[in-house]
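J.: Sequential numbering from 67 applies to the sequence shown in the numbering used here.
Ideal Cβ placement from N, Cα and C applies to all residues, glycine included.
Mind having a look at this structure? Questions to follow.
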Amino acid sequence: MVRKEKFKKHGPHSKAIKEAIVGWLFVAPLLIGVLLFLAFPLVYAFVISFTDTKATTQGMQFIGFDNYLNVLNEPLFMQGMINVLITCLAVPFGVFIATILTNLLVSNPKFSIIFKSIYYVPTVCGAIAITFIWQSMYAQGYGVINQTLKSLGWIKEDINFISDRNFLISMMVMGIWAGLGTSILLLFASLKAVSKQLYEAASIDGASFIQKFFKITLPALSPTIFYILLTGISGTLQEFARFQAMAGAKGSPAWAMSPVWFIYLRTSNNFRGEASAAGIILGGFILIISAFQFVASRLWVNYDT
């Protein structure tokens, strides 16, 4: 009887421990990956950002905030920040275009599958592949865009799209095109989840298409739009591959610089402390922008539909 009572007393507790162990075993691979590839590099970068660490020298000498001051006083880094901030303006434009196309697809279900597949093609391609495609389209002499504009009589001489004056606009156009596929699929799924009875009731009440859009469609899509804006702006602030691939043949000009490209150059030139400081500054800036978006989302994002 004593053994049975002990078993009943300690049995459930022992079972809970075993379940906890099994749970931690399942989580362990992901947790180890996060610690090795996210937490440790972040802490290490934060530590060496206060030192004069270089690959060719041993040891670390504490220099305070010198690296941060050097980065903030570096014109190339600040120009890179300005460049990506300007490029971020393409994100809301892309969402606007994707919203219009999504409404057209929902209203024409026969063609929705075909056009969704067409729009999603750019998403399958890598960033470098997309950049090379647009680089050839922007090219002077043989580029499709210049040839088309000439044939229409809109221009007489080729436009240099990859120049200090036109580079950011060219990057924004390419970014909008590249992001349409994912945005349309997300918005399409959200819009299909909206009850048709809401639109039927609005039609009975005499609501126009514009009224339905602003009173039903837009509130229903607002959480998805917020997600696209949040991830799109965060990703644009971290641009590197497309900037480098588009202007790489011209070296690393200030008009095509991005913060991550600046970090890459500093690391390549053996200034690891400054590169880490630049990464911390960029990460902090992204957190501030994201926090502002979350606060602002309370004014327009509707989770009740």
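(1) For chain D, check one thing: does any of its Cβ atoms lie closer than 8 Å to the Cβ of Lys258?
(2) What do you get for Ala362, buried or exposed, if any count of 16 or more other CB atoms within 10 angstroms of its CB means buried?
(3) Spatial neighbours of Met67 within its chain, please: CB distance less than 7 Å, with the 5 preceding and 5 following residues excluded, ordered by chain position.
(4) Quick one: Cα of Thr333 to Cα of Phe279, how far?
(5) Just list the alpha helix (DSSP H) runs in the stretch 112–142, keeping only unbroken ones of 4 residues or longer that don't cross its boundaries, in chain order.
(6) For Ile221, which of Pro289, Asn133 and Gly207 has the nearest alpha-carbon?
(7) Between Asn133 and the rest of its own chain, which residues show a CB-CB distance below 6 Å, the 5 nearest in sequence each way excluded?
(8) Since Gly245 and Tyr185 should fall inside the 8 Å C-beta cutoff, what is the C-beta to C-beta distance between them, to a whole number of angstroms?
(9) What is the C-beta distance between Ile250 and Ala164, in whole angstroms, given that I count them as a contact (C-beta under 8 Å)?
(10) Counting along the chain, where does the alpha helix (DSSP H) carrying Ser318 start and finish?
(11) Return helix, strand or coil for Arg364, following the three-state DSSP convention.
(12) Excluding the 5 residues flanking Ala86 on each side, which residues of the same chain have their C-beta closer than 8 Å to its C-beta?
(13) May I ask which residues mark the beginning and end of the alpha helix (DSSP H) holding Thr168?
(14) Indicate the three-state DSSP secondary structure (helix, strand or coil) for Arg332 in the structure shown.
(15) Please confirm whether Asn149 and Ser274 have their CB atoms less than 8 Å apart.
(16) Are the Cβ atoms of Ala307 and Ala205 separated by less than 8 Å?
(17) Give a yes or no on whether the C-beta atoms belonging to Met312 and Thr197 are separated by under 8 Å.
(18) Given a cut-off of 8 Å, decide if Val172 and Leu257 are closer than it, judged by their beta-carbon atoms.
(19) Determine the direct distance from the alpha carbon of Leu91 to that of Pro158, and round the result to whole angstroms.
(20) Which value, in whole angstroms, describes the spacing of the CA atoms of Leu101 and Leu331?
(21) Less than 8 Å separating the beta-carbons of Trp243 and Pro175?
(22) In three-state terms, what does DSSP make of Trp220?
(23) Would you report the Cα separation of Asp36 and Met238, rounded to the nearest angstrom?
(24) Consult DSSP for Asn212 and reduce its assignment to one of helix, strand or coil.
(25) Check whether the Cβ atoms of Phe128 and Lys182 sit closer than 8 Å, and answer yes or no.
(26) Hey, quick one: how far does the alpha helix (DSSP H) through Ser300 stretch, first residue to last?
(27) On a Cα-Cα basis, can you pick out the residue from Ile276, Tyr293 and Ala267 that is closest to Phe360?
(28) Could you pull out every residue in the same chain whose Cβ sits closer than 6 Å to the Cβ of Thr119, ignoring the five residues on either side in sequence?
T.: So, from the data block:
(1) Chain labels in this structure do not include chain D; a single protein chain is all it has.
(2) Stepping through the sequence shown from its first residue, residue 362 is reached at position 296. Its Cβ having fewer than 16 others within 10 Å, Ala362 is exposed.
(3) Residue 67 sits at position 1 when you count from the first residue of the sequence shown. Because Met67 carries a pLDDT of 48, less than 50, the predicted location of this residue cannot be relied on, and the following value inherits that uncertainty. Nothing meets the Cβ criterion.
(4) For this step, residue 333 is matched to residue 267 along the sequence shown. For this step, residue 279 is matched to residue 213 along the sequence shown. In a straight line, the C-alpha of Thr333 is about 49 Å away from that of Phe279.
(5) Listed in chain order, they are 132–138.
(6) Along the sequence shown, read from residue 1 onward, the residue named residue 221 stands at position 155. Residue Gly207 is the option with its Cα nearest to Ile221.
(7) Here residue 133 refers to the residue found at position 67 when the sequence shown is read from its first residue. The answer, listed in chain order, is Ser115, Gly339, Glu340 and Ala343.
(8) Numbered from its first residue, the sequence shown carries residue 245 at position 179. Numbered from its first residue, the sequence shown carries residue 185 at position 119. Not confirmed; about 10 Å, so no contact.
(9) The residue labelled residue 250 in the question sits at position 184 within the sequence shown. The residue labelled residue 164 in the question sits at position 98 within the sequence shown. Their Cβ separation, rounded to whole angstroms, is 5 Å, which keeps Ile250 and Ala164 in contact under 8 Å.
(10) The residue you call residue 318 lines up with position 252 of the sequence shown. Neither: Ser318 is in no alpha helix (DSSP H) and is coded neither H nor E.
(11) In the sequence shown, the residue the question calls residue 364 occupies position 298. Looking at Arg364 - three-state DSSP - the assignment turns out to be coil, as it is neither helix nor strand.
(12) The residue labelled residue 86 in the question sits at position 20 within the sequence shown. Cβ within range, chain order: n/a, list empty.
(13) As a first step, residue 168 must be located in the sequence shown, where it is residue number 102. Counting along the chain, the alpha helix (DSSP H) containing Thr168 begins and ends at Ala156 to Ser173.
(14) Numbered from its first residue, the sequence shown carries residue 332 at position 266. Correct three-state label for Arg332: helix.
(15) If you number the sequence shown from 1, residue 149 lands on position 83. If you number the sequence shown from 1, residue 274 lands on position 208. No. Outside cutoff.
(16) If you number the sequence shown from 1, residue 307 lands on position 241. If you number the sequence shown from 1, residue 205 lands on position 139. Result no, Cβ atoms of Ala307 and Ala205 do not sit closer than 8 Å.
(17) Along the sequence shown, read from residue 1 onward, the residue named residue 312 stands at position 246. Along the sequence shown, read from residue 1 onward, the residue named residue 197 stands at position 131. Result yes, Cβ atoms of Met312 and Thr197 sit closer than 8 Å.
(18) Counting from one through the sequence shown, the residue named residue 257 turns up at place 191. Counting from one through the sequence shown, the residue named residue 172 turns up at place 106. Going by C-beta atoms, Leu257 is nearer than 8 Å to Val172.
(19) Here residue 158 corresponds to residue number 92 of the sequence shown, with the count starting at 1. Here residue 91 corresponds to residue number 25 of the sequence shown, with the count starting at 1. Cα to Cα, the separation comes out at about 42 Å.
(20) In the sequence shown, residue 101 corresponds to position 35, counting from 1. In the sequence shown, residue 331 corresponds to position 265, counting from 1. Between the alpha carbons of Leu101 and Leu331 lies a distance of about 26 Å.
(21) Position 177 of the sequence shown, counted from the first residue, corresponds to residue 243. Position 109 of the sequence shown, counted from the first residue, corresponds to residue 175. Not a contact, by the Cβ cut-off of 8 Å.
(22) Here residue 220 is taken as the residue at index 154 of the sequence shown, counted from 1. In the three-state reduction of the DSSP assignment, Trp220 falls in the coil class, being assigned neither a helical nor a strand state.
(23) No answer is possible for residue 36: it lies beyond the span of the chain, which begins at 67 and ends at 371.
(24) Counted from its first residue, the sequence shown places residue 212 at position 146. Judged by DSSP in its simplified three-state form, Asn212 adopts helix.
(25) Counting from 1 along the sequence shown, the entry for residue 128 is found at position 62. Counting from 1 along the sequence shown, the entry for residue 182 is found at position 116. With contacts defined by Cβ atoms closer than 8 Å, Phe128 and Lys182 do not form a contacting pair.
(26) Within the sequence shown, the letter at position 234 stands for residue 300. For Ser300, the enclosing alpha helix (DSSP H) stretches over residues Leu284 to Leu303.
(27) Residue numbering aside, residue 360 sits at position 294 when the sequence shown is read from its first letter. Comparing Cα positions, the closest option is Tyr293.
(28) Here residue 119 refers to the residue found at position 53 when the sequence shown is read from its first residue. Here the set comprises Met126, Arg338 and Gly339.
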